Amino acid sequence: MKKQCAVAITAAFLLAGAALPASAQDETITVEGVIFLDRNGNEAYDAGETVRANGPGVWVTNLDTNEKVAEFRTDANGRYRAVLPKGPRYMVINQDKDGFELPWGARPTDKDLTLDFPLWGRFIDGFSFVDTNGDGVKQAEEKATTGEIKVSGKTQGGAQVDVAATPGADGSFRFELPVGAYTVTAPDLVRQGLALAKPLGANDIDWLTGQAKADQRNTRIDARYFEPKADSAVEDLAVAPAKDTYTVGEQIDVRFKLANKGDVPGGLRFVMFGPDAKLLSHSGNVTGANGDFATVAKVLPGESVTVELKFELTKAGAIEIWPFADPFVGGHKDVDRTNQGTAIKKTVNVVEKSTTTPPTSASPSETTAPTTTTTPAVAKAGNKTGLASTGASPLGFLALGGVLLAAGLSVFFVARRRRS
């Protein structure tokens, strides 16, 4: 009921102001202005700053009686206009302020007054583009991206905020938000063959996390992309203890480097082919099972992680030890397929444990030496086919098999990635 009365009073004031002749209008005062988001913080409305259109506007109270006189909402241009009887002193109070900071929220007056109300919030803007020349600055000829820029966080009052904006034709984007702490997230453009570029300054999105913090009044954030050349590699493969022959049940340590030789950061993956063994443990910088592993953290270009795996050998034979790097880094296809592990794989011989036959009872004058039976060592890889005994060399077939296997592994990784 009170609200209806206030609206009626407001309408009456407006009609009265419009209908009164000049002499009668001398008995009124007019207070008007604009409510706006003060992006540059100069406390004055500047062209281009966002206005609070069709908002709650202002309240007016009588300072002598402390009574509310009327409400005046803003129009489509963010402006309000209050026509009031001359005589009393009034307090004009901004009501469109939730979540914003104010240089001032109210002003007293008893005469005509132009009174604008600036609002201070959190303003985020920047560009999302392909930085072709890598200088960190958007050039007119550089392509804008179209993926959504997202902002999430909480206002000072604890309200959750989740908003998104698609960059304009020039790559620009802007967010105008209440006071709060926010995180800006850049879109994943892997399917477009793009990756976030290495940051050149505080304005750039972090290329590892794809995010940036925005907790200042004005924050400039750019999402710069480039066309990466991914390259993962396996290096420095070693087996310990190092020896010619191992026995079933023996434990071995496999150690190698998983390196990022490309120009884009990302998690690195590898498949451990062979040995016929039980995995006992792995280093803490990787995670995985069933021979399929991934680094816990993303690896920067030019850096590597040293992977350690401990196995218990469970089967006799010529055993291959072969870590093979996934031909993708951060979803980007590897440009060099020659260094993923095929060239450095190792083959070791594993034999059954020796068995000893105790001496049989004999006359005191007889001594029987213990009989030892050892399973013959299995031939090294390349001799298993027996072709070498006929004079035919198996090397050509092995080389061809290696090529075919490497091609098959690439198909395997691609298929697995599509399923995921």
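Throughout the sequence shown, residue numbering follows mature numbering (1 follows the signal peptide of the UniProt record, and there is no 0), covering -24 to -1, 1 to 396 in sequence. The C-beta atom is built at its ideal place from N, Cα and C for all residues, glycine as well. Predicted model only: the values in this text are computed from it and were never measured.
Should Thr121 go down as buried or exposed, given a rule of 16 or more other Cβ atoms within 10 Å for buried? By 1-based counting over the sequence shown, the position of residue 121 is 145. Under this definition Thr121 is a buried residue.
For a test of the three-state rule: what should DSSP assign to Thr108, helix, strand or coil? For the purposes of this step, residue 108 is identified with residue 132 of the sequence shown, where counting begins at 1. It is coil, neither helix nor strand.
Distance, Thr26 Cα to Arg193 Cα: Along the sequence shown, read from residue 1 onward, the residue named residue 193 stands at position 217. Along the sequence shown, read from residue 1 onward, the residue named residue 26 stands at position 50. Distance between the alpha carbons of Arg193 and Thr26 is about 15 Å.
Three-state secondary structure (DSSP) of Thr121: In the sequence shown, the residue the question calls residue 121 occupies position 145. Coil, per DSSP.
Report yes or no: do the stretch 149 to 156 and the stretch 106 to 115 share at least 3 C-beta pairs separated by less than 8 Å? no
Asn42, enclosing beta strand (DSSP E) - first and last residue: Within the sequence shown, the letter at position 66 stands for residue 42. Where Asn42 is concerned, there is no enclosing beta strand (DSSP E), given that its DSSP letter is neither H nor E.
For the stretch 8 to 64, list the beta strand (DSSP E) runs that are entirely contained and at least 3 residues long, ordered along the chain. 34 to 38, 43 to 48, 55 to 61
Please report the Cβ distance between Arg196 and Asp107, rounded to the nearest whole angstrom; I am assuming they are in contact, meaning their Cβ atoms lie under 8 Å. Against the sequence shown, residue 196 aligns to sequence position 220. Against the sequence shown, residue 107 aligns to sequence position 131. Contact doesn't hold; Cβ gap of about 15 Å is too wide.
Classification of Gly317 by the beta-carbon crowding that lies within 10 angstroms, buried from 16 upward: Within the sequence shown, the letter at position 341 stands for residue 317. Answer is buried; the Cβ neighbour count reaches 16.
Can you find the residues in the same chain that come closer than 7 Å, C-beta to C-beta, to Gly378, ignoring five residues on each side of it along the sequence? The count along the sequence shown starts at 1 and reaches residue 378 at position 402. At Gly378, the pLDDT of 48 sits below 50, so the modelled position is not reliable; the number obtained from the coordinates is stated separately. Result list for Gly378: Thr318, in chain order.
Cα separation between Thr314 and Glu211? As a working mapping, residue 314 is identified with position 338 in the sequence shown. As a working mapping, residue 211 is identified with position 235 in the sequence shown. If you take the alpha carbons of Thr314 and Glu211, they lie about 12 Å apart.
Is Gln132 closer than 8 Å to Gly186 when the C-beta atoms are compared? What you label residue 186 is simply residue 210 of the sequence shown in a count that begins at 1. What you label residue 132 is simply residue 156 of the sequence shown in a count that begins at 1. No, they are not a contact pair.
Counting only the same chain and skipping the five closest in sequence on each side, list residues whose C-beta sits under 7 Å from that of Asp239. Residue mapping note: residue 239 aligns to position 263 of the sequence shown, counting from 1. Around Asp239: Pro204, Lys205, Pro277.
Quick one: what does DSSP say Thr282 is sitting in, helix, strand or coil? Walking along the sequence shown from the start, residue 282 turns up at place 306. Reduced to three states, the DSSP call for Thr282 is strand.
Would you call the CB atoms of Glu117 and Trp96 closer than 8 Å? Translated into the one-based positions of the sequence shown, residue 117 becomes position 141. Translated into the one-based positions of the sequence shown, residue 96 becomes position 120. No.
On a CA-only basis, which of Val166, Gly63, Val139 is nearest Gly307? Give me that one, please. Looking up residue 307 in the sequence shown gives position 331. Nearest C-alpha to Gly307: Val166.
Check whether the Cβ atoms of Asp72 and Arg28 lie closer than 8 Å to each other. Looking up residue 72 in the sequence shown gives position 96. Looking up residue 28 in the sequence shown gives position 52. In contact: Asp72 and Arg28 (Cβ atoms closer than 8 Å).
Please report the residue range of the beta strand (DSSP E) in which Ala216 lies. As a working mapping, residue 216 is identified with position 240 in the sequence shown. Taken as a continuous stretch (DSSP letters only), the beta strand (DSSP E) holding Ala216 covers 208 to 216.
Candidates Ala157, Gly54, Gln136, of which the one nearest residue 436 by Cα: Absent from the structure is residue 436, since the part of the chain shown begins at -24 and ends at 396.
What did DSSP end up calling Thr318 once you bin it into helix, strand or coil? Taking the sequence shown and counting its residues from 1, the one referred to as residue 318 is at position 342. Three-state DSSP puts Thr318 in a helix.
Residue burial classification, Glu279 (beta-carbon count within 10 angstroms, cutoff 16): Stepping through the sequence shown from its first residue, residue 279 is reached at position 303. Exposed.
Length of the line joining the Cα atoms of Asp22 and Asp180: Translated into the one-based positions of the sequence shown, residue 22 becomes position 46. Translated into the one-based positions of the sequence shown, residue 180 becomes position 204. Going from the Cα of Asp22 to the Cα of Asp180 covers about 28 Å.
Which residue wins for smallest C-alpha separation from Ser259, given the options Glu284, Asp268, Val34, Val275? As a first step, residue 259 is located in the sequence shown; it is residue number 283 there, counting from the start. Nearest C-alpha to Ser259: Glu284.
Between the stretch 124 to 140 and the stretch 38 to 52, do three or more beta carbon pairs fall short of 8 Å? no
Alpha carbon to alpha carbon, how far is Phe300 from Val262? Give it in angstroms, no decimals. The residue labelled residue 262 in the question sits at position 286 within the sequence shown. The residue labelled residue 300 in the question sits at position 324 within the sequence shown. Distance between the alpha carbons of Val262 and Phe300 is about 14 Å.
To the nearest angstrom, how far is the alpha carbon of Val305 from that of Val230? Working through the sequence shown from its first residue, we reach residue 305 at position 329. Working through the sequence shown from its first residue, we reach residue 230 at position 254. If I take the Cα positions, the gap works out to 23 Å.
Could you pull out every residue in the same chain whose Cβ sits closer than 7 Å to the Cβ of Pro241, ignoring the five residues on either side in sequence? Here residue 241 corresponds to residue number 265 of the sequence shown, with the count starting at 1. Cβ neighbours of Pro241 beyond the five flanking positions: Trp183, Leu184, Lys274, Val275, Leu276, Pro277, Gly306.
Output the distance between the C-alpha atoms of Thr159 and Gln168, rounded to the nearest integer angstrom. Walking along the sequence shown from the start, residue 159 turns up at place 183. Walking along the sequence shown from the start, residue 168 turns up at place 192. Thr159 and Gln168: Cα-Cα distance of roughly 24 Å.
Within this structure, are the beta carbons of Gly267 and Val247 separated by less than 8 Å? Position 291 of the sequence shown, counted from the start, is the residue given in the question as residue 267. Position 271 of the sequence shown, counted from the start, is the residue given in the question as residue 247. Taking 8 Å as the Cβ cut-off, Gly267 and Val247 qualify as a contacting pair.
When the Cα atoms are used, what is the spatial distance from Arg65 to Gly24? Stepping through the sequence shown from its first residue, residue 65 is reached at position 89. Stepping through the sequence shown from its first residue, residue 24 is reached at position 48. Taking the straight line from one Cα to the other gives about 34 Å.
For Val311, which residues of its own chain have a beta-carbon under 6 Å away from its beta-carbon, when the five flanking residues on both sides are left out? As a first step, residue 311 is located in the sequence shown; it is residue number 335 there, counting from the start. So the list reads Lys205, Asp207, once near-sequence residues are dropped.
Can you tell me whether DSSP reads residue 419 as helix, strand or coil? Residue 419 is absent from the model: the chain starts at -24 and stops at 396.
Quick test of your reading: Gly250 and Glu296, contact by CB under 8 Å. State the CB separation rounded to the nearest angstrom. In the sequence shown, residue 250 corresponds to position 274, counting from 1. In the sequence shown, residue 296 corresponds to position 320, counting from 1. So it is a contact: roughly 4 Å between Cβ atoms.
Using a threshold of 8 Å, state whether the C-beta atoms of Ala162 and Leu172 are closer than that. Translated into the one-based positions of the sequence shown, residue 162 becomes position 186. Translated into the one-based positions of the sequence shown, residue 172 becomes position 196. Taking 8 Å as the Cβ cut-off, Ala162 and Leu172 qualify as a contacting pair.
In chain order, what residues of the same chain have a beta carbon less than 7 Å from the beta carbon of Lys286, not counting five sequence neighbours either side? By one-based count along the sequence shown, residue 286 stands at place 310. If we look at Lys286 and ignore the five residues flanking it on each side, its Cβ neighbours are Gln227, Asp229, Leu256, Ser257.
For Lys87, which residues in the same chain have their Cβ closer than 6 Å to its Cβ, ignoring the five residues on either side in sequence? What you label residue 87 is simply residue 111 of the sequence shown in a count that begins at 1. Within the same chain, Lys87 has close Cβ partners Ile5.
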